Each structure stands twice: as C-alpha cells, then as structure tokens.
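Trainee:
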Amino acid sequence: MTVYLDSSFVVALYVSEGKSALAAETFRRFAEGACVSALTDIEVAAALQKHASPNRQGGYRLYRQDRESGLYTTLSMDEAVFEEARTIAESHAGAYFLRSLDILQLAIARRHGTSRIATFDDRMAAAAVALGLEVLSPRS
Numbered sequence: 027m028t029v030y031l032d033s034s035f036v037v038a039l040y041v042s043e044g045k046s047a048l049a050a051e052t053f054r055r056f057a058e059g060a061c062v063s064a065l066t067d068i069e070v071a072a073a074l075q076k077h078a079s080p081n082r083q084g085g086y087r088l089y090r091q092d093r094e095s096g097l098y099t100t101l102s103m104d105e106a107v108f109e110e111a112r113t114i115a116e117s118h119a120g121a122y123f124l125r126s127l128d129i130l131q132l133a134i135a136r137r138h139g140t141s142r143i144a145t146f147d148d149r150m151a152a153a154a155v156a157l158g159l160e161v162l163s164p165r166s
C-alpha cells in the first residue's frame, strides 16, 4: 500500500507537537509504502528551519537522514504533475480554498497513482476525498 505523505504529516513525525504520537502510530501501519517528493522536502525544510529551536533543527536532520537512507519512496515532479495541478486548481481550488503547494501535492499523488494520502490539513483532506483519494488523517 503506497501513501503520499503531506508535509503537515511529515513535520508531526519529526517534531514533538500535539499530533506527533498520532502521526507516529499511523506511520507504523504503512511505513513500507510511504512516499514523498522534492516538494515535501522544501515544505519540511521551511517548516522546520523557520523556527530556530533545537527540537526543529534536530527534526530536520533526522528527516534528511531518513530521506538519504531510503525510508521514503520519492515521487517525481514532471510536466504531467503540473498539468494535473492545473486541472485540480481549475476544478477544486475555489471550493476547498487550496494553496498552490497543496494542489501540487495532490497532483503528485494522483499522477503517480497513489490512492492514499496522509495529512493533517483539513482543506487538503476534503479536496483529496473529492478527487477520489483515501485520506489517512488521524485526529486527536
């Protein structure tokens, strides 16, 4: 089972926050099929580096180590992803108040045939369901 991990979910795995235990519990169920992209890397770097706390910096180092070790499958971003993103923007951005980066993450998952997405972002989760994706969004 492959699951695309949204950056909100990934950040919760690497920084102790309210949703971290739920993220870790959910991740254990599908770790072998966990997928991310270069976009995930950028969003996680921004989220974990913008606050200079040692906890966040250490979390980012651990994330990079896990990426380099092959823990996650990397999904590519090609022209087809951007075409899919444009289609999603035209059909769903207004109804779900999606940000461009959320649209790109959904497009990556769909373009690669990933049927599941893990996210803590309610708008992204609602749009994902509308797009036919199963959402793994553990709630506290």
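Under the working numbering, the residues of the sequence shown are numbered 27 to 166, in order.
The beta carbon of each residue, even a glycine, is placed where N, CA and C say it ideally should be.
Computed from a prediction, not measured in an experiment: that's the story for all the values here.
So, is Asp104 buried or exposed, given that buried needs 16 or more other C-beta atoms within 10 angstroms?
Mentor: With fewer than 16 other Cβ atoms within 10 Å, it is exposed.
Trainee: Rounded to whole angstroms, what is the Cα-Cα separation between Phe35 and Ala144?
Mentor: Near 6 Å, if we compare the C-alpha coordinates of Ala144 and Phe35.
Trainee: Taking contact to mean at least 3 C-beta pairs separated by less than 8 Å, is the region 109 to 116 in contact with the region 80 to 97?
Mentor: In short, these stretches do not touch, since the Cβ pair count stays below three.
Trainee: Helix, strand or coil for Glu160? Go by DSSP, reduced to three states.
Mentor: Strand at Glu160.
Trainee: What are the boundary residues of the alpha helix (DSSP H) that Leu74 is part of?
Mentor: Residues 64 to 75.
Trainee: Under a Cβ-count criterion, where at least 16 other Cβ atoms within 10 Å of its own Cβ denotes burial, should Leu97 be classed as buried or exposed?
Mentor: Under this definition Leu97 is an exposed residue.
Trainee: Apart from the five residues on each side of it in sequence, which residues of its chain come closer than 6 Å, Cβ to Cβ, to Glu110?
Mentor: The residues are Ala133, Arg136, Arg137.
Trainee: In terms of DSSP beta bridges, what is Val29 paired with?
Mentor: Answer is Ala60, Arg142.
Trainee: Using only the alpha-carbon positions, how far apart do Tyr40 and Ser46 sit?
Mentor: Roughly 8 Å between the two C-alpha positions.
Trainee: Measure the C-alpha to C-alpha separation of Thr1 and Asp128 and round it to an integer number of angstroms.
Mentor: Given that the chain is displayed from residue 27 to residue 166, the structure contains no residue 1 and the question cannot be resolved.
Trainee: Got a sec: does the ligand NAP put a non-hydrogen atom nearer than 8 Å to the Cβ of Leu124?
Mentor: The ligand NAP is absent from the structure shown, which contains no ligand whatsoever.
Trainee: Once you ignore the five residues that flank Val29 on each side, which residues in its own chain have a CB closer than 8 Å to its CB?
Mentor: Correct list, in chain order: Phe56, Gly59, Ala60, Cys61, Thr140, Arg142, Ile143, Ala144, Leu162.
Trainee: Would you call Met27 buried or exposed, if buried means 16 or more other Cβ atoms sit within 10 Å of its Cβ?
Mentor: Counting Cβ neighbours within 10 Å, Met27 comes out exposed, since fewer than 16 surround it.
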